[in-house]
Structures are given as structure tokens and as C-alpha cells.
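Working notes, structure below.
In this note's numbering, the protein residues as written are 506 to 679.
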């Protein structure tokens, strides 16, 4: 009888150890390294996709020089009533403000949200929101900084320009 209890106890300890090791492996393997290049600012000189400067040329009909200079100063990103969280993430990636869509989603889910959301705000997870309005973004911001601005620095927009990006210097830069 004692041998059977000892054998069961040993099996239980071994099984528990394996479960803990698998759990630790999953946690450290699936959690991205927050210093990973995917979270760093986009290097526009090597970026193959479109940029905010391209958006200004196509939608606002700016000259290439005007668009480049306006984008270098910063941009106001508008979150409209019709925008979804998928569209927000996709557009910021498409226009070269973030390197990786999944990295932005991760940063949004794991950043602090100190601003209570309005009833029509975009929901991220159970307790985070992005309000409708506009946000001051710069091309030199990393993914964590962009997530922080989106979660905590909404500016109410009284006018709907019908554009996603408008020229505008981010408030936190001189």
C-alpha cells in the first residue's frame, strides 16, 4: 500500500513539473520581446510600403515636397465613426507608422489606458478603448508610444474633414 501511494505521489510530482515547464515555455515563447524590432519606429528610408506622405499627395493633392515636409513634422490621425479596430491597425501599418500589425495589437492590449472611453469608442480587449477623434502621431514614434497616444490622448474633433490623416505637428514635440 505504501509503495502504491509513493508511486502515485511520484507520478503526480512528475506530471506537475511537466505541466509547469510547458506553461513556462508557452509564456516565454508566445510573449514577444518588447524590444523587438517590430516595436521600433519605421525607417522610412527602407520602408517598401506607402507612407503618410503618399497619402497627402494622393488625397490632399500636395506636391511631393509639401507632402514630405508636412509628414516630417507629424500628422493628425482621425478615428472616424465608421472606423473599426481592424481598420485602425491596418491603416497605421499600411501608411508606415507601425512596422507590424500584431505588435500594435499587443501594445494596445498591454499598455495602460487612463482615459475612460465614450460609448462609441473602439474596444480593445475587455477594458481598453480608443475614442473617436484625432491623435497626434509622428513617424519617429515607436509602437508603444503610438499605443499610449491612442489609448490616453484623444482630442475631440468638431469637424469631420473626411480624411484619415491631416498635417499637424504632434503636441509632444517642439
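No residue lacks a Cβ here, since even glycine has one placed at the ideal position from N, Cα and C.
Within the same chain, and ignoring the five residues on either side of residue 628 in sequence, the residues whose Cβ sits closer than 8 Å to its Cβ are 590, 622, 634. When DSSP states are grouped into helix, strand and coil, residue 620 belongs to the coil group.
Residue 651 sits buried, since 16 or more C-beta atoms from the chains shown fall within 10 Å of its C-beta.
In the structure shown, residue 667 adopts coil according to DSSP, grouped into three states.
Shortest Cα-Cα distance from residue 581 to any of 602, 595, 570 involves 602. The beta carbons of residue 546 and residue 657 sit no closer together than 8 Å. In this structure, residue 577 keeps its C-beta atom at 8 Å or more from the C-beta atom of residue 556. Contact annotation: residue 600 and residue 671 have beta-carbon atoms that are not nearer than 8 Å. DSSP lists 584 as the beta-bridge partner residues of residue 638. Per DSSP, the unbroken alpha helix (DSSP H) holding residue 656 starts and ends at 648–657. Annotation for residue 642: 579, 580, 582, 602, 651, 654, 675 place their beta carbon closer than 7 Å to its own, counting only its chain and skipping 5 residues before and after. When DSSP reads this structure, residue 523 sits in no beta bridge, so it has no partner.
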